[in-house]
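Trainee: Here it is: the structure, laid out below.
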């Protein structure tokens, strides 16, 4: 990138190329990661992650995961909503 800009005069073409490169880097950073399954989620988040207001809801005698242990990741939740099987707002909750 620096080599390209060093040989480039201040023309509209050079400015356009610089903006295009900077935009593509910003777009890549803005897209949340999409996980294939809960095993992959647990490699990054031990107890999964949740949307704002999401709480672990369980059936039976087991205790839910403490909400403070599950980080809020709104955009990440939205991208991986399919992994929230019980629709409680928490993706891949684990004990």
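Residue numbers (my numbering): 748 to 842. Note that the Cβ used here is the ideal one computed from N, Cα and C, for glycine as well.
1) Buried or exposed, going by whether 16 or more other CB atoms sit within 10 Å of the CB of residue 784?
2) What distance in whole Å lies between the Cβ atoms of residue 806 and residue 837, which are believed to be in contact at a cut-off of 8 Å?
3) Taking 6 Å as the limit between beta carbons, can you name the residues of its chain near residue 839, skipping five residues before and five after?
4) Measuring alpha carbon to alpha carbon, tell me which residue in 793, 776, 777 and 780 is nearest residue 841.
5) Going by CA-CA distance only, name the one from 809, 798, 804 and 820 that's closest to residue 833.
Mentor: Taking the definition as stated:
1) exposed
2) Not quite, the Cβ-Cβ distance comes to about 14 Å (not below 8 Å), so this is no contact.
3) 785, 788, 795 and 830
4) 793
5) 804
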